[in-house]
Every structure is written in structure tokens, then in C-alpha cells.
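*Asks:*
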Amino acid sequence: MSEANATTAVATSPTASPDTLQYRPLWPFASHEEADQWLLDGPADDWHADAEATAHRFTRDYLGFSGIDHAEAVRTNDREAWVEVGFAVPGGAIATAATVHLARFGSDAAAPWEVVGTQDTVLTLDSPGYGSTADSPIEAGGVISGVDECIHLAVRQISQPDPLGEFSCRPAGGDHSRWAATVTFSGAQPGTLTLVAWTGGHVVDVERFAVTALGVPTD
């Protein structure tokens, strides 16, 4: 889920059964069946049981943001977790790039963690709305605070190794200023799309990012 702030949720109220994810699954599982199979297969890839490790791998392996190498959980409960991912700045402090939102994929207490979105403050991605269907082109938008920023976009899907579409980049900046950009994509399969927006280049290539989950229209 992409949130403009801690009190503005953009996902719809949960209506799912306990065995069903309340949000759209982004990564690492595409379906409830895949998550259940991991439980049945035993301890292989045990990082699925660790929210911090899952958030880090999502950022590094799925989004390709190799410069973000730190992850620390900031809030957790039995069913959900929020993990800050970031990078070291000169002097050794850790700068937060995003807060990744995860949820247990299944009702079992040991169900694996699934990334379902981000919770955003400095860079938000609020359009299209979380969980809405999207066809190409996508008119993306949100809010940013910063100086000399440039918004990049990519459309990804868990079933495919490369982005379905990319855009670089829209100059932006100011204090909670609106930004808007358009990205085209092709080759989407049934399921969920990950729309990601990012900016950076002052210290590392990616310094802030936000993601949201979108559905693929059915004919």
C-alpha cells in the first residue's frame, strides 16, 4: 500500500477471509498457492520468514536498487510489518529511502511475508489509486519534498525479469509539491503490476522510492 502519510490509507477496507491476503501481492509470491507451497516445502529460503530480509531483497533483487543496503523493522505485529530500507550517508548515519509494508500471506502463524506496498512521506505515489486497474499509458502522480529531484518510473511484474516499461525523468522539487509523469508499458500478464517511482543522485542513485500495486485489466 502506498500512503501519503500515516493516517491516509488508500487501500480499501479488508473484506477477505483469514486465508486471503487483504492487499494486492507484489513480491515474492504471486499467489496464495505459492505461499502455501513454501510452507509445505520446509525450511528452504528461510528469509521468507523474516520481514526485514524480505523487504531488503524486494528492494535489491526485484526493484534493482542495489545501493539500498540497510533494513530495519520499525513496526510489527502478528500479521503486518513496516520495514525502513535505506543507505549510509557520509558520517555513517542511515538515510531512509522508503518504509516497506509487508503482510503475512496466509492465516498460519508461520506464513511467509509478502510485500504489499510502501508507506510514504517525502515521496508519495498516490495516483493511480492502490489496487485500481491500469492500462498503458499510466498517468502517475504524487507529492515530493526536496531540491533538484527528478522522478523516474518503472512498471514491473513478478512473473517477468525486466521492467515492462520505464520513464526518465520528470524534474521536481519543493515542499510537498505535486508531481506528475506518464509511463507506457507492454507485455503485462494477468495478476498484479508494481508501479515504482524514485529519485536520487545526490548521494546514491536511488535515495527515495515509493511503490503501489495495480491490477491488470481483463478483457
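Residue numbers for the sequence shown follow UniProt numbering, so the first one is 1 and each next one is one higher.
We treat Cβ as the ideally placed atom computed from N, Cα and C, and that holds for glycine.
Residue 193: which of 202, 158 and 199 sits nearest, CA to CA?
*Replies:* Measuring from the Cα of residue 193, the nearest candidate turns out to be 158.
*Asks:* Which same chain residues end up closer than 6 Å to residue 136 when comparing Cβ atoms and leaving out the 5 residues on each side of it in sequence?
*Replies:* 184 and 185, listed in sequence order.
*Asks:* Count the other C-beta atoms from every protein chain shown that fall within 10 angstroms of the C-beta of residue 114, then say buried if there are 16 or more, exposed otherwise.
*Replies:* Classification for residue 114: buried.
*Asks:* If I follow the unbroken alpha helix (DSSP H) through residue 99, where does it start and stop?
*Replies:* Here residue 99 belongs to no alpha helix (DSSP H); instead the beta strand (DSSP E) covers 94-104.
*Asks:* So if DSSP puts residue 82 in a beta bridge, which residue, or which two residues, is it bridged to?
*Replies:* Its beta-bridge partners are 75 and 101.
*Asks:* So residue 152 packs on residue 177, CB below 8 Å; how close in whole Å?
*Replies:* That pair is no contact at about 17 Å.
*Asks:* Take the Cβ of residue 164 as the centre, count every other Cβ of all protein chains shown within 10 Å, and call the residue buried at 16 or more, exposed below.
*Replies:* It counts as buried.
*Asks:* Quick check: residue 68 and residue 85, are their CB atoms within less than 7 Å of each other?
*Replies:* Against a cut-off of 7 Å, the Cβ pair of residue 85 and residue 68 comes out as a contact.
*Asks:* Relative to the alpha-carbon of residue 104, which residue among 118, 22 and 146 has its alpha-carbon at the smallest distance?
*Replies:* Cα-wise, what sits closest to residue 104 is 22.
*Asks:* Given that a residue counts as buried once 16 or more other Cβ atoms are within 10 Å of its Cβ, and exposed if not, what is residue 128?
*Replies:* Burial call: buried.
*Asks:* Report the rounded CA-to-CA distance for residue 217 versus residue 133, giving the unit in angstroms.
*Replies:* Those two C-alpha atoms are separated by around 6 Å.
*Asks:* Alpha carbon to alpha carbon, what distance is there between residue 197 and residue 179?
*Replies:* Straight-line Cα distance between these residues: approximately 11 Å.
*Asks:* Residue 124 and residue 143 - do their beta-carbons sit closer together than 7 Å?
*Replies:* Cβ atoms of residue 143 and residue 124: closer than 7 Å.
*Asks:* If we call anything under 7 Å between Cβ atoms a contact, is residue 89 one with residue 97?
*Replies:* Not in contact: residue 89 and residue 97 (Cβ atoms no closer than 7 Å).
*Asks:* So who's on the other strand from residue 63, going by DSSP bridges?
*Replies:* Per DSSP, none; premise fails for residue 63.
*Asks:* Taking all protein chains shown into account, decide if residue 14 is buried (16 or more other Cβ within 10 angstroms of its Cβ) or exposed.
*Replies:* With a pLDDT of 36 at residue 14, under the threshold of 50, the modelled position of that residue is not reliable, and the figure given next carries that caveat. Result: exposed.
*Asks:* The alpha helix (DSSP H) spanning residue 175 covers which residue range?
*Replies:* Segment 165-183 is the beta strand (DSSP E) holding residue 175; no alpha helix (DSSP H) there.
*Asks:* What do you get for residue 119, buried or exposed, if any count of 16 or more other CB atoms within 10 angstroms of its CB means buried?
*Replies:* Counting Cβ neighbours within 10 Å, residue 119 comes out buried, since at least 16 surround it.
*Asks:* Find the nearest neighbour of residue 65 within the set 215, 210 and 214, judged by alpha-carbon distance.
*Replies:* The residue with the shortest Cα to Cα distance from residue 65 is 210.
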